[in-house]
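Residue numbers (the working numbering): 15 to 205. Backbone N, C-alpha and C define an ideal beta-carbon position, used for all residues, glycine too. Taking it in order: structure first as structure tokens, then the write-up.
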Amino acid sequence: MKRWLALLPLAVLAGLAGLFVYWVLKQGDPTYRPDALVGQNVPETVLPLLDGDGAGDSHVDLKTAGVGKPMIVNVFASWCAPCRIEHPRLLELKARGVAVVGVAYKDDPVATRAFLDELGDPFAMVLVDREGRAGLDLGISGVPETFAVDAMGRVTAKSSGPLTSQADVDRLVAALASPPRRPPTATERAR
């Protein structure tokens with residue numbers, strides 16, 4: 015009888031664990047939407063610029079990085095294998111004259127610079143996100159993720175995973191269309 019009493023807490027714990035797993039699988043997360051930022055403004059996130067092979071003294075707010083023009087924001091990392099796969103598509107965007115802002119997510123700036131030196135630099139600027147703050151603000155689930163941001167600073171499209179086809183690229187470029195906005199004033203940039 016004492017053996018059964020000793021095993022009872024384990025049986026109860028196993029039963030609760032089973033119920034929890036069942037609930038999670040059935041319930042899911044109804045609030046999770048991979049495209050939750052689409053239609054929203056880019057979050058204000060101030061990050062240092064990549065300068066050489068380190069984080070520089072200059073900082074840029076991701077929200078105003080496009081300076082009143084549409085931009086593509088690509089969250090990438092040197093340690094990310096799918097980022098290598100999509101890199102030629104980003105170089106194509108640069109060749110088409112599309113401004114691409116890179117966010118080096120949880121990456122060492124030295125490794126980021128080596129990655130760009132090896133594969134080519136498609137970015138108008140690279141922001142260093144060593145702690146992953148921009149990733150949290152953007153609600154990414156992994157790298158790479160790419161956002162189309164119109165001239166008003168609003169996210170108009172998102173792509174999770176690598177850009178592997180011309181259709182992926184064309185969809186993001188088409189989402190950039192919007193009238194240009196005026197560049198921010200010095201007072202607005204200081205906020």
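Which word fits residue i, buried or exposed, when buried means at least 16 other C-beta atoms lie within 10 angstroms of its C-beta?
{"i": "A79", "result": "buried"}
{"i": "S174", "result": "exposed"}
{"i": "P158", "result": "buried"}
{"i": "G149", "result": "buried"}
{"i": "G116", "result": "buried"}
{"i": "A20", "result": "exposed"}
Are the beta-carbon atoms belonging to residue i and residue j less than 8 Å from one another?
{"i": "F229", "j": "A69", "result": "The question about residue 229 has no answer, for the chain in this structure spans 15 to 205."}
{"i": "V74", "j": "V163", "result": "no"}
{"i": "L206", "j": "G146", "result": "Missing from the structure shown is residue 206; the chain here goes from 15 to 205 and no further."}
{"i": "S92", "j": "T126", "result": "yes"}
{"i": "R144", "j": "K120", "result": "yes"}
{"i": "L190", "j": "L141", "result": "no"}
{"i": "L105", "j": "V183", "result": "no"}
Helix, strand or coil, according to DSSP, for residue i in the structure here?
{"i": "G29", "result": "helix"}
{"i": "T160", "result": "strand"}
{"i": "F90", "result": "strand"}
{"i": "T178", "result": "coil"}
{"i": "L190", "result": "coil"}
Taking residue i and residue j to be in contact with their CB atoms under 8 Å, please state how far apart those CB atoms are, rounded to whole angstroms.
{"i": "I99", "j": "T178", "result": "6 Å"}
Okay, do the stretch 169 to 182 and the stretch 124 to 138 touch, 3+ Cβ pairs below 8 Å being the bar?
no
Is the stretch 58 to 72 touching the stretch 116 to 132 in the sense that three or more CB pairs, one from each, lie closer than 8 Å?
yes
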